[in-house]
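Colleague: The UniProt record's numbering numbers the first residue of the sequence shown as 1 and each following residue consecutively.
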Amino acid sequence: MSLIVEFELETPILRTAASAIETLRIDELYRTEAGEPKLLFWAMGEEFTAFERALRADDSIARFAELESLAERRLYSVVLSEEATTKLTYPVAAEHDIGILDIVVTETTVVRARVPSRKALRAYREGCLERDVGFLVRRIYQEHRTETAQYDLTAHQREALLTALERGYFEVPRTVTLSELAAELDISDQALSARLRRGQTNLLWNTLADDSS
Numbered sequence: 001m002s003l004i005v006e007f008e009l010e011t012p013i014l015r016t017a018a019s020a021i022e023t024l025r026i027d028e029l030y031r032t033e034a035g036e037p038k039l040l041f042w043a044m045g046e047e048f049t050a051f052e053r054a055l056r057a058d059d060s061i062a063r064f065a066e067l068e069s070l071a072e073r074r075l076y077s078v079v080l081s082e083e084a085t086t087k088l089t090y091p092v093a094a095e096h097d098i099g100i101l102d103i104v105v106t107e108t109t110v111v112r113a114r115v116p117s118r119k120a121l122r123a124y125r126e127g128c129l130e131r132d133v134g135f136l137v138r139r140i141y142q143e144h145r146t147e148t149a150q151y152d153l154t155a156h157q158r159e160a161l162l163t164a165l166e167r168g169y170f171e172v173p174r175t176v177t178l179s180e181l182a183a184e185l186d187i188s189d190q191a192l193s194a195r196l197r198r199g200q201t202n203l204l205w206n207t208l209a210d211d212s213s
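1. Work out the CA separation of residue 8 and residue 89 for me, nearest whole Å.
2. On the DSSP letters alone, give me the boundaries of the alpha helix (DSSP H) that residue 48 sits inside.
3. Counting pairs of beta carbons, one from the region 159-174 and one from the region 191-204, are three or more of them closer than 8 Å?
4. Where does residue 199 sit, in a helix, a strand or coil, going by DSSP?
5. With respect to the alpha helix (DSSP H) encompassing residue 158, which residues constitute its N-terminal and C-terminal limits?
6. Note down the Cα distance separating residue 39 from residue 13, rounded to an integer number of angstroms.
7. Nearest CA to the CA of residue 44: which residue from 195, 23, 175?
8. With 16 other CB atoms within 10 Å as the buried threshold, where does residue 35 fall?
9. In the DSSP assignment, find the beta strand (DSSP E) that holds residue 23 and state where it starts and stops.
10. Are residue 77 and residue 62 close, meaning C-beta to C-beta below 7 Å?
11. Take the Cβ of residue 124 as the centre, count every other Cβ of all protein chains shown within 10 Å, and call the residue buried at 16 or more, exposed below.
12. Let me know if residue 191 comes out buried or exposed under the rule of 16 or more other beta-carbons within 10 Å of its beta-carbon.
13. Roughly how many angstroms lie between the CA atoms of residue 57 and residue 168, to the nearest whole one?
14. So which of 69, 91, 135, 84 has the shortest CA-CA distance to residue 108?
15. State the Cα-Cα distance for the pair residue 16 and residue 80, rounded to the nearest angstrom.
16. For residue 6 and residue 177, what's the separation of their Cα atoms in angstroms?
17. Using alpha carbons as the reference points, say which of 85, 68, 18, 49 lies closest to residue 187.
18. Using DSSP with H/G/I as helix, E/B as strand and the rest coil, what is residue 179?
19. To which residues of the same chain is residue 11 closer than 6 Å at the C-beta, ignoring the five residues directly before and after it?
20. Take residue 82 as the anchor and find which of 53, 49, 155, 37 has the nearest alpha-carbon.
21. Of the residues 46, 49, 33, 54, which one's Cα is nearest the Cα of residue 18?
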C-alpha cells in the first residue's frame, strides 16, 4: 500500500513572490515547446500589485503572465529561470514513481505526495539534498484504498470528471461547454482541461491498461 507523505522543501523557487501574498497553490507543472519548465498556480490574497512587483523581483522567475482574475485570487503562469530549473525536484519524484498531490507555498513550501515505498522516499530525499534543497518530513500515513485512490485520481480530478459526466460534457453532441464547466467549478478553462486530461489518463492506466486478460 502506498504512503502519503507531507513534507517541507527549502527551495528558492517562488520564495520572493510568496513573501508578498498570503498563499500560492501550484496547479500544474509542465514544459513549453522550447523545453522551459512552467508553473501554473493560484495566488490567494488581496495585495496583487505588490505581489506582481515581487514576481518581477523573484530571481527564480524568467517571465510570468496573469491568466485569470477572481475575487481574492488570481491564476498565473510562470516560466522558471535557468538557475531555478536546477532546483526542481519534480524529475527526481518522477524517477522514483512519486506522485505529487498538492503543493502550497506560504512561509514554507509544503508538498503532499503519494510515495510507493520508504526506499523511494529516501531516494527522493537524497535527490533533493543533492540539489541543495532542504527536505523535512512532517508526517507519513498509509493511503486508504478509496475509489479515488484505487484509480490514482486526486479529489479535484474526480470532482471534475463527475461534474463533466453529469452535465453531459462527454455526450455527443455535448450539452455543456468547457467554459461553462470551468465556471461551475470556479477554475480556468486551461486548468479544467488539464485536470480532465490527467484524470482520464489515470483512469485508463488503472482500468484498460491494467487489464491483463
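All residues carry an ideal CB built from backbone N, CA and C; glycine is no exception. Because the structure is a prediction, the values reported are computed rather than measured.
Modeller: On the basis of the coordinates in this document:
1. 12 Å
2. 48-57
3. yes
4. helix
5. Per DSSP, the continuous alpha helix (DSSP H) segment holding residue 158 begins and ends at 155-166.
6. Their Cα atoms are separated by approximately 10 Å.
7. The residue among 195, 23, 175 with its C-alpha nearest the C-alpha of residue 44 is 23.
8. exposed
9. 23-31
10. no
11. buried
12. buried
13. 45 Å
14. 135
15. 13 Å
16. 36 Å
17. The residue among 85, 68, 18, 49 with its C-alpha nearest the C-alpha of residue 187 is 68.
18. helix
19. Excluding residues within five positions, the ones whose Cβ falls inside 6 Å are 87, 109, 133.
20. 37
21. 54
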